[in-house]
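Data first, discussion second: the structure below is written as C-alpha cells.
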Amino acid sequence: MPRPTRILPSLLLLLSLAVPGQAQAQESSANVGAVLHSANQVLIDLKSILDLTTKTEQKQWENIEGIIETFLFGIDRKKPLGVKVILGVDEERFQFALPLTSLKEFIDENLGGFEITSRRVGTGLYKLSEQKETLGYMRHSKGYVSISEHRAEVAVVADPRRTMADLLAKNYSLAATINNSAKQQAARRKSFGPIRENLLAALKAKKGETEADLVLKKTLLSFELGEAERFLVESQSLTAGFRIEPETTQATLDVDLTAIAGSGLEKSIQSLATTPSHFAGIPRAKTAILSGRIHHPLDTFRRTGLQRVLAAARNAIHGDIQGQTEATSAQKTASTVVLDTVVAVIQSAITKGMLDGFIEVQPATGGANVMVAGIRTVEGDRLRAALAAVPDSTVATSVALDSTETAGVTIHEVAVPEDLQADFAVLFGDTQIVLVGTSADAAWCAAGPGALAALKSAIASHSTPTDAQPDPVFVDLSVKVGPWLKVLDNQLGADEGAADRKLALKAFAQGKDTLQLQLRRDGKRVMGRTTLGTGILRFFGKKMAEFSKENFE
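If you want my numbering, it's the 1-based position in the sequence shown plus 742.
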C-alpha cells in the first residue's frame, strides 16, 4: 500500500474498510465512497470506549491520543475526511480527500514524517515521491487535498461535505456507500472474477483435514462469494453507517440496500415479508439470553447454492464417520442412516424454498436456562427414523422414542452424550435430556428445566389460529454473548485465543453484553441494524488498552 494511504487507516485504528470496485472511474466500477465524520469524532469515540474500562486501563489514553495526534499534523480535526476505495484486478487503491488547516504543516510534518517529499508541478498540484520513486499526486484547493496514485484522479478536489452530505446528515462516525449503474452489471461481474479465483485458490487444507473437508470449505466460500458478488453487482445503492450512541454507550451499524430494477437481487427482495412465519403465534421471551427469528424465502440462486453446500457437508461428515477406526461396521452404517435421513429432510425444505425457524433460550430456575426451538420442514416426521438409528450409531447415547404426543407432534427423548454433558450443564443444568419433536411440517427441540411444558406451550401457541400478518422483519436476533462464550471457553481451554476469551468474559461480567441484529423489508429496500451492547464495547476498550500498553509504553 502506498505511503499516503497510511494516513486515514491510522486515524481509524479499530475501523477499517475494504470495498471492491474497479480500477477505473467508469460506470463499470462500483462507485465506492466512505466518509469519516472528523478526526475529533474518532478521538471522542475511542475515548468513550476506553472510559468503560478500569481506571488503570484508562491511563493508556494519553499514549493512544498521543499516537493518533502524530498523524494529525496539518489536518483540520473538525471537518469530514473522505476516501474512495478501489479494488482492481491487481491490488486495492485509495483516493483521499483530507481537510487541512495548514498545507505547509501537512507537507512538512505529516507527509514528511513518512519521508515522503512533495514537488509542485502545477497550480495546486504536487507530485509525491519517496527516494525519487513516484508514489502519487496531491491537489490542494479550498481547504482540502485530494491524494491518489494517478494524476487524473486528482483533477478535482472532492469535498466530502458536498459529495457525502446525505450520510453526514445522519451523524455517523464512519459511513460508506456504493452506487452502481444498471447498464454495467456484466462488466462488474467480470471484474469480480479474479477476486473469487484468488480467494478460492488461497484456501488450503489444514493439518488433519481431508480432501472432502477442503471441498466443503471451498463450496461454502464459493457460496458466500456468490452472495457478495450479487450484492456488489446487482445493488443500486448499498450504504453502511457506524456510530456510538453517547446516551446508551452502544454502537450501531446501519445498512440500507436497494437493488437494480429487474435484477435477481430485486426479485429476492420482493419475495420477502409476503407471508407470515409458520411460528408467528409463538411469543418472544422477554429475558432471553438467545432469541432468534428467521423467515426468509429462498430464491433459485440460494436454493442451488445451499444444496451444493449441503451435499459437500454430507460427504465430509460421511468421510469422518468412515474414518473412525474404533467404530464397528454396524455403527458406521447406523451413523450413515442418521446422516442421510437428516440431509434428505433438509434437502426437501431447501427445495420447498423457505427458511423459517425460531429459537428462545431464557433463564429458568436454579440459574439454568430453558430452550425451545423449531424449524419448518417438509416430511419432517421422517426424522423419527434418524432418531431410531442413533443408539446403534457412533454417537454414544440413548433415545426414548414416542415418549409423548401433543397437537400432532410426537416428542422423543435424547440423552446428552457423556462428552457433552459438562458443557450442556453450564447452560441447561442437570437435566441431561434433549426433547425432539417431529411432525410433517416442523421439527422441534427443547432442553433445560421445564422443557416439556415449554415445548408443549410453544406447540400450542403455534397450533392456535392467528390473524398474523407478514412481518416486515425477516431476521431478528438478540444474543447475550457472555454465557455462550463461557461454554466455548470451556471447550477450547488453553487453545489459541484463550487470553482474549478471558478478557472478554471479564468485560461481559458487568452485563449489557447483548448483540442484536435485525433485517427488515421496507418497500423495495432492505434495511438492517446491528447493535453492540456496552459490555462488548468494554471488551474493545480493554483490548485497546492492552495493545497500547504492549506497543506504546
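Don't be surprised by glycine CBs; every beta carbon is placed ideally from N, CA and C.
Computed from a predicted model, the values in this text were never measured in an experiment.
8 Å Cβ cutoff met for residue i and residue j
{"i": "Gly775", "j": "Lys826", "result": "yes"}
{"i": "Tyr914", "j": "His779", "result": "yes"}
{"i": "Arg1271", "j": "Thr1000", "result": "no"}
{"i": "Leu1194", "j": "His1154", "result": "no"}
{"i": "Leu909", "j": "Ala917", "result": "yes"}
{"i": "Gln802", "j": "Leu792", "result": "yes"}
{"i": "Leu1197", "j": "Val1120", "result": "no"}
{"i": "Ile1024", "j": "Ser790", "result": "no"}
{"i": "Ile920", "j": "Leu980", "result": "yes"}
{"i": "Gly1006", "j": "Phe1043", "result": "yes"}
{"i": "Leu788", "j": "Ile806", "result": "yes"}
{"i": "Ser1135", "j": "Ala1076", "result": "yes"}
{"i": "Gln1061", "j": "Thr1180", "result": "Reading the sequence as shown, one finds Gly at residue 1061 and not Gln. It is not a contact, given that the beta carbons lie outside the stated cut-off."}
Beta-carbon contacts of residue i that lie in its chain and below 6 Å, excluding the five residues immediately before and after
{"i": "Lys1012", "result": "Looking at the sequence shown, residue 1012 is not Lys but Gln. Result list for Gln1012: empty, nothing under 6 Å."}
{"i": "Ala924", "result": "Ile1002"}
{"i": "Pro1212", "result": "Ala1015, Thr1016, Thr1017 and Pro1018"}
{"i": "Phe965", "result": "Gly1047 and Val1051"}
{"i": "Ala1237", "result": "The question names Ala, but residue 1237 is Asp in the sequence shown. Excluding residues within five positions, none has a Cβ falling inside 6 Å."}
{"i": "Asn1057", "result": "Ala954"}
{"i": "Ile1117", "result": "Gly1099 and Ala1185"}
{"i": "Asn1293", "result": "none"}
Residue i burial status per 10 Å Cβ neighbour count (16 or more: buried)
{"i": "Glu1102", "result": "buried"}
{"i": "Glu976", "result": "buried"}
{"i": "Lys1254", "result": "buried"}
{"i": "Asn922", "result": "buried"}
{"i": "Val863", "result": "exposed"}
{"i": "Val831", "result": "Note that Val831 scores a pLDDT of 45, beneath 50, so its modelled location is shaky; the value from the coordinates is reported in the next line. Exposed is the call here."}
{"i": "Asp1296", "result": "Because the chain spans 743 through 1295 in this model, residue 1296 falls outside it and cannot be assessed."}
{"i": "Asn940", "result": "exposed"}
{"i": "Gln768", "result": "With a pLDDT of only 41 at Gln768, under 50, the local geometry of the prediction cannot be trusted, and no value is derived from it."}
{"i": "Asn1111", "result": "buried"}
{"i": "Asn782", "result": "exposed"}
{"i": "Ser770", "result": "Residue confidence is low: Ser770 scores 47 on pLDDT, short of 50, so the model does not pin down where it sits. Its coordinate-derived value is still stated next. Buried."}
{"i": "Met1286", "result": "buried"}
{"i": "Gln978", "result": "buried"}
{"i": "Leu933", "result": "Going by the sequence as given, residue 933 is Ser instead of Leu. So Ser933 ends up on the buried side."}
{"i": "Ala907", "result": "exposed"}
Residue i versus residue j - alpha carbon distance
{"i": "Ile1063", "j": "Leu1081", "result": "10 Å"}
{"i": "Leu1279", "j": "Pro1225", "result": "17 Å"}
{"i": "Leu1097", "j": "Ala1091", "result": "8 Å"}
{"i": "Lys869", "j": "Glu971", "result": "36 Å"}
{"i": "Ala928", "j": "Arg893", "result": "28 Å"}
{"i": "Gly1275", "j": "Val784", "result": "19 Å"}
{"i": "Ala1202", "j": "Phe1021", "result": "11 Å"}
{"i": "Gly1065", "j": "Ala1131", "result": "19 Å"}
{"i": "Val1087", "j": "Ala1149", "result": "21 Å"}
{"i": "Ala839", "j": "Val777", "result": "9 Å"}
{"i": "Ile1036", "j": "Val1215", "result": "8 Å"}
{"i": "Val1178", "j": "Arg938", "result": "40 Å"}
{"i": "Gly1277", "j": "Lys1248", "result": "9 Å"}
{"i": "Phe984", "j": "Lys1074", "result": "50 Å"}
{"i": "Ala1182", "j": "Gly1122", "result": "5 Å"}
{"i": "Val1217", "j": "Glu1295", "result": "45 Å"}
{"i": "Asp1144", "j": "Val1151", "result": "10 Å"}
{"i": "Gly1108", "j": "Gln1260", "result": "31 Å"}
{"i": "Leu759", "j": "Ala982", "result": "Residue confidence for Leu759 is low, a pLDDT of 28 falling below 50, so the modelled location carries little weight and cannot support an answer."}
{"i": "Thr1173", "j": "Pro988", "result": "43 Å"}
{"i": "Glu891", "j": "Pro841", "result": "19 Å"}
{"i": "Phe1250", "j": "Ala944", "result": "35 Å"}
{"i": "Glu895", "j": "Lys1284", "result": "40 Å"}
{"i": "Phe1282", "j": "Val1268", "result": "29 Å"}
{"i": "Phe1170", "j": "Thr1146", "result": "21 Å"}
{"i": "Ile889", "j": "Arg881", "result": "7 Å"}
7 Å CB neighbourhood of residue i in its chain, flanking five on each side removed
{"i": "Ser715", "result": "The question about residue 715 has no answer here: the residues shown for the chain are numbered 743 through 1295."}
{"i": "Lys912", "result": "Gly983"}
Inter-residue CB distance, residue i and residue j (contact presumed, cutoff 8 Å)
{"i": "Arg835", "j": "Ile828", "result": "4 Å"}
{"i": "Ser844", "j": "Gly816", "result": "5 Å"}
{"i": "Leu877", "j": "Ile858", "result": "6 Å"}
{"i": "Thr1273", "j": "Gln992", "result": "6 Å"}
{"i": "Leu958", "j": "Ala1055", "result": "6 Å"}
{"i": "Ala1138", "j": "Pro1159", "result": "6 Å"}
Neighbourhood of residue i by C-beta distance below 8 Å, restricted to the same chain and skipping five residues each side
{"i": "Lys946", "result": "Leu956"}
{"i": "Val1141", "result": "Leu1129, Ala1130, Val1132, Pro1133, His1154, Glu1155, Val1156 and Ala1157"}
{"i": "Thr1083", "result": "Arg1124, Leu1125, Ala1127, Ala1128 and Ala1131"}
{"i": "Leu1040", "result": "Leu1048, Ile1092, Gly1095, Met1096 and Leu1097"}
{"i": "Asn1232", "result": "Ala1164, Asp1165 and Val1168"}
{"i": "Leu1234", "result": "Ala1240 and Arg1243"}
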